[in-house]
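Heads up: the sequence shown begins at 1 in the numbering used here, then just goes up one per residue.
From the three backbone atoms N, C-alpha and C, an ideal C-beta is built for every residue, glycine too.
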Amino acid sequence: MTRREFVGSVAAGALASTGLGEASPGSFSGAGAASPRNRRPYSGLDWSKIARVKTTSHGHCMNQWYLDQYLKRGFGLITMSNYYPSAPWYPASKMTKNYWRLHHSHPVMVNGRRVNGPFDWNRIVAPWRHTFSAEAAAKYKSWAAEYPFVEGERIFKPLPPGVLEAPNAEHHSFLLEDGSPAKNVHICSPGSAYASGTFDAHDLCKTVSHGYSSGVGEYWGAAFERMIAGLVYPDGGGVTINHPSWTKLDRGLMLKMLDYDPRVLGIEVIEDSGHNSEVYWDWALSTGRQCFGFFVPDWHVENKVFGVNVLCVEEKTVHACMKAYREGNFYGALNGLDELAFTRIAFDGKTVTAATDRPSRFEVVTARGVVKEQRGTEVSWTVDRDAPWHGPGHHVFARVKAYAIDGSDEVLFSQPFMLV
1 MTRREFVGSV
11 AAGALASTGL
21 GEASPGSFSG
31 AGAASPRNRR
41 PYSGLDWSKI
51 ARVKTTSHGH
61 CMNQWYLDQY
71 LKRGFGLITM
81 SNYYPSAPWY
91 PASKMTKNYW
101 RLHHSHPVMV
111 NGRRVNGPFD
121 WNRIVAPWRH
131 TFSAEAAAKY
141 KSWAAEYPFV
151 EGERIFKPLP
161 PGVLEAPNAE
171 HHSFLLEDGS
181 PAKNVHICSP
191 GSAYASGTFD
201 AHDLCKTVSH
211 GYSSGVGEYW
221 GAAFERMIAG
231 LVYPDGGGVT
241 INHPSWTKLD
251 RGLMLKMLDY
261 DPRVLGIEVI
271 EDSGHNSEVY
281 WDWALSTGRQ
291 CFGFFVPDWH
301 VENKVFGVNV
311 LCVEEKTVHA
321 CMKAYREGNF
331 YGALNGLDEL
341 AFTRIAFDGK
351 TVTAATDRPS
361 RFEVVTARGV
371 VKEQRGTEVS
381 WTVDRDAPWH
391 GPGHHVFARV
401 KAYAIDGSDE
411 VLFSQPFMLV
């Protein structure tokens, strides 16, 4: 069995086992089958034995130039999150020009109904070929309407030895419970073979005009169930909520998504060329919800501010990397240029400690703001459990930031510990 067939069979079997056919908001039970998000990440991690695997949960990779930018950063795990369609570019070796226009097998919402593939787009669009707009195709050159579609050359060179890859995609065009559009909701799912939508995002081939949804086209909860069912490793990977500050995501909706299932892991904190969503992150954490933070470049892979997730694993395998995501055993880096690294992050129930390989300026952040600053190669902060104004309920959570003081501008972000 090829890797492509393996991933397809896993996803198909998982979806079949959940009974996800014609779905509605009331069809799903949410978090019944999963353990809560880990409120004490890094527990049991032997920092003397870990490998640090650089990756990102949301990074576009349209051609070899993009892939080269990730490899230059030393990425050890590639999880491309391209659209359109929102189908995993996995494995990279299979991707060719026009691949998803000619090999589309996943379901699509058509006039409000979920229709199974495969879809022969050359045949489907033929009856309305005469309505294509040359002006629209010229406006969106990178999605230009080429008809009939012909498979082109391979997009990527073979990955270097030892570089891992896992399925992922960025999903869009969700619906709310009442059937109205869920505006500004973009979702990734590292480790999931789930695919949605079509190639025709800008209706250049008039598929949207004829009822085909270019994106998810159904209730976001149903789509989350499908992403989770499509996880290649049931105990690893999950769902991420993308760029909340950039899209001005409704905070109430964000909490609903976090509450839907613990495999909805968290939100992007540094994203899209330096947009910072720490205010969203701390606000969610202050409600007592564990919410992991993700660090991503989105499209902006040429900038120094890149957004990198550094997975802390004791073996370099895809499964171990996906489990690190699920358990919160990773930290974020603003630039990811190996200019600074955490060598320890821990919480023993009383004291938060962290250390770095080079001198840093540390901040311990809680629901009350920055509660401690310290310079050096380590920091510690103890929760006063006896004083109500300094106790766990007052601070709710604690996370550590480390700022490089050597002029490199690197900033590291631990995952949060929940104190209550």
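- DSSP places GLN374 in the strand class (E or B) of the three-state scheme.
- Shown here, MET322 sits in a helix according to DSSP, grouped into three states.
- Around the beta carbon of HIS130, a 10 Å sphere encloses fewer than 16 other beta carbons of the protein chains shown; the residue is thus reported as exposed.
- The DSSP-derived three-state label of PHE224 is helix.
- Residue environment for PRO118: exposed (fewer than 16 other C-beta atoms within 10 angstroms of its C-beta).
- By the CB criterion at 9 Å, GLU218 and MET109 fall inside the cutoff.
- Cβ-Cβ separation between THR353 and ARG344: approximately 7 Å, consistent with a contact (criterion under 8 Å).
- When the Cα atoms are used, HIS319 and PRO234 turn out to be separated by approximately 10 Å.
- Secondary structure note for LEU265: its beta strand (DSSP E) is the uninterrupted segment 264-271.
- For ASP386, the three-state secondary structure derived from DSSP is coil.
- If you ignore the 5 residues before and after PRO181, its C-beta comes within less than 6 Å of no other C-beta in its own chain.
- Judged by their CB atoms, ILE187 and HIS172 are nearer to each other than the 9 Å cut-off.
- If you draw a straight line from the Cα of ALA166 to the Cα of ASP386, it comes to about 46 Å.
- DSSP, reduced to helix, strand and coil, places ILE241 within a strand of the structure shown.
- Apart from the 5 residues on each side of it in sequence, HIS394 sits with its Cβ closer than 7 Å to the Cβ of ARG368, PRO388 in its chain, given in chain order.
- Rounded to whole angstroms, the gap between the alpha carbons of GLU151 and TRP100 is 9 Å.
- CA-CA distance, SER245 to MET95, rounds to 32 Å.
- In the DSSP annotation of this structure, the continuous segment of the beta strand (DSSP E) that includes ASP357 starts and ends at 351-366.
- With a cut-off of 8 Å on Cβ pairs, the region 325-336 is in contact with the region 302-309, counting three or more such pairs.
- The DSSP-derived three-state label of LEU337 is coil.
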